[in-house]
C-alpha cells in the first residue's frame, strides 16, 4: 500500500472516531497517528487530511447534501459519510491531488470498509461534486478573464485651441 493510500486510511479511521465520539477526540490525533504509523510522511499527510476535513466540515456537508438526492447526510452510513467528506475535501481544497485519484481512492476505501454498494454510491456523489466544482471554476475563470480583458479607453479627440 502506498503512503498516501495509507494516509487516507488512517484519516478515515480517525474521522470515523470523531464522528461517533465527538470533537473531544481531536486531542488524541497525534497519539493515534504515532501508534498506527511509523512513517513521518504518511502521518503528515493523514494529519493534513484530518485537519482540513474537519476545518471544512460544514462546507463539505453542504456540498455533499447538495448533490445527494433523497439522502440526508445524517442518515448515511458513518463510513460512507466520512469517506465522502475526506474525498470532497481533496476535490475542493487540494489542488495538488488529481480529482480522479481522490475519487478512486475514496471508492476503494468505501469498498474496503463499508458495504458492497458503497463504491457506486460514493462514486456517484463525488462525480457530481467534481462536476459542480469544475463548472464553478470555469465560470470563475471566465469572469476573471472578462475582468482582465478590458477594452482600451477610447482616445478623446484633441481639443481645439481657443483663438482669441
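In the working numbering, the protein residues as written are 228 to 391.
Idealized CB from N, CA, C, for every residue including glycine.
Assignment of beta strand (DSSP E) within the segment 304-359, counting only whole runs of 3 or more residues, yields no such run. The residues 252, in chain order, have a CB closer than 6 Å to that of residue 244 in the same chain once the five nearest residues on each side in sequence are set aside. In this structure residue 329 does not touch residue 336 by the C-beta definition: roughly 11 Å separates them, more than the 8 Å allowed. Counting the other CB atoms within 10 Å of its CB gives residue 280 a total of 16 or more, which places it among the buried residues. Taking residue 338 as the centre and dropping the five residues before and after it, the same chain places the C-beta of 345 and 346 closer than 7 Å to its C-beta, in chain order. Leaving aside the five residues that flank residue 293 on each side, the residues in its chain whose CB is nearer than 8 Å to its CB run, in chain order, 359. The C-beta distance from residue 309 to residue 250 rounds to 14 Å, too long to meet the 8 Å contact threshold. Minimum Cα-Cα distance from residue 327 among the listed residues 306, 365, 355 and 272 corresponds to 355. Taken atom to atom, the span from the alpha-carbon of residue 350 to that of residue 257 is near 30 Å.
Annotation: residue 301 to residue 236 spans about 22 Å, alpha carbon to alpha carbon.
Note on geometry: alpha-carbon atoms of residue 231 and residue 357 lie some 20 Å from one another.
In this structure, the beta-carbon distance from residue 332 to residue 315 does not fall below 9 Å. Under the criterion of beta carbons closer than 8 Å, residue 311 and residue 277 do not qualify as touching, at roughly 15 Å.
Annotated three-state conformation of residue 266 is coil, per DSSP.
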